[in-house]
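This report concerns only the one structure given below.
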Amino acid sequence: MRNSSEIVYTEDNYEPGIKEYVGAMLLGLTFYQVGVVFSKTLWPMVSTQVPIHQFAWMIVFVALANGLGIIPGELRTACKKMQTFFTKNMILIIMVGVGADTSLFELGAAITLSNTVMALLIVIGAILGSAIIGYFVGFYPIDSAVTAGLCMANRGGSGDIAVLGAADRMGLISYAQLSSRLGGGMVLVIGSIVFGLLL
Numbered sequence: 001m002r003n004s005s006e007i008v009y010t011e012d013n014y015e016p017g018i019k020e021y022v023g024a025m026l027l028g029l030t031f032y033q034v035g036v037v038f039s040k041t042l043w044p045m046v047s048t049q050v051p052i053h054q055f056a057w058m059i060v061f062v063a064l065a066n067g068l069g070i071i072p073g074e075l076r077t078a079c080k081k082m083q084t085f086f087t088k089n090m091i092l093i094i095m096v097g098v099g100a101d102t103s104l105f106e107l108g109a110a111i112t113l114s115n116t117v118m119a120l121l122i123v124i125g126a127i128l129g130s131a132i133i134g135y136f137v138g139f140y141p142i143d144s145a146v147t148a149g150l151c152m153a154n155r156g157g158s159g160d161i162a163v164l165g166a167a168d169r170m171g172l173i174s175y176a177q178l179s180s181r182l183g184g185g186m187v188l189v190i191g192s193i194v195f196g197l198l199l
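Here UniProt numbering is used: the first residue of the sequence shown is 1, the next is one more, and so on.
Written as structure tokens, this is what we have:
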């Protein structure tokens, strides 16, 4: 956050061993399974109209566990180092996968004047809105514009990778995933309600 004093974490000086790395991997898989259970089993009992992706549930539970201090510092350090390793060393492989999955024929067919103007207005609105609000609540405007704005307005997980890779902000992938899954879902729900009332 802007204008905050630098916080020194003693756990950053800790060098995790194999036990901590295995624990971090198991912790990630456990949180993923909890997200799957909530997404596929528990949440549909509450609301069938608003599906929430398992990654969004996973991120919510990780944030809660981390905020409540349930995860030990050594395990957090191992998780952070694993995330840094994967985001730095696997980004090119992931980007190749995203590019190979993209159909150039569909992309070319979608480039029309109306689609281009609409996409441009959405991108400008997402950047300006999230950057201004992020600035007023104390975030860096570029980071909030990228994660809260562009990652909410892109095409999901592969779009997050493309946006964060281009912005050199791969460390913000967890925030981008939360923005894509929950923020994009909220936009769809609000849009369906508003368009349902207007049409």
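Every residue, glycine too, gets a C-beta built ideally from N, C-alpha and C.
The model shown is predicted, which means the values in this text are computed figures rather than measured ones.
- At a Cβ-Cβ threshold of 8 angstroms, residue 134 and residue 145 count as neighbours.
- Annotated three-state conformation of residue 133 is helix, per DSSP.
- With contact defined as three or more Cβ pairs closer than 8 angstroms, the stretch 151-166 and the stretch 32-43 are not in contact.
- Secondary structure of residue 114 (DSSP, three-state): helix.
- Look at residue 156 here: in three-state DSSP terms it is coil, with no helix or strand label.
- Boundaries cannot be given for residue 180, as no alpha helix (DSSP H) includes it and DSSP labels it neither H nor E.
- Taking C-beta atoms under 8 angstroms as the contact rule, residue 23 and residue 65 fail to qualify, at a distance of about 14 angstroms.
- Close CB contacts of residue 168 within its chain, under the 8 angstroms cut and outside five residues either way in sequence, are absent.
- Each of 139, 183, 45 was checked against the Cα of residue 156, and the nearest Cα belongs to 183.
- Check the Cα spacing between residue 54 and each of 32, 14, 141: the tightest is with 32.
- A residue is called buried when at least 16 other Cβ atoms come within 10 angstroms of its Cβ; residue 44 does not meet this threshold and is exposed.
- The straight-line gap separating the alpha-carbon atoms of residue 191 and residue 129 is approximately 17 angstroms.
- Restricting attention to 138, 178, 96, the CA atom closest to the CA of residue 59 is found in 178.
- When the five nearest sequence neighbours on each side are left out, the beta carbons in the same chain lying within less than 8 angstroms of the beta carbon of residue 131 are those of 141, 142, 144, 145, 149, in order along the chain.
- Going by C-alpha positions, residue 198 is about 19 angstroms away from residue 118.
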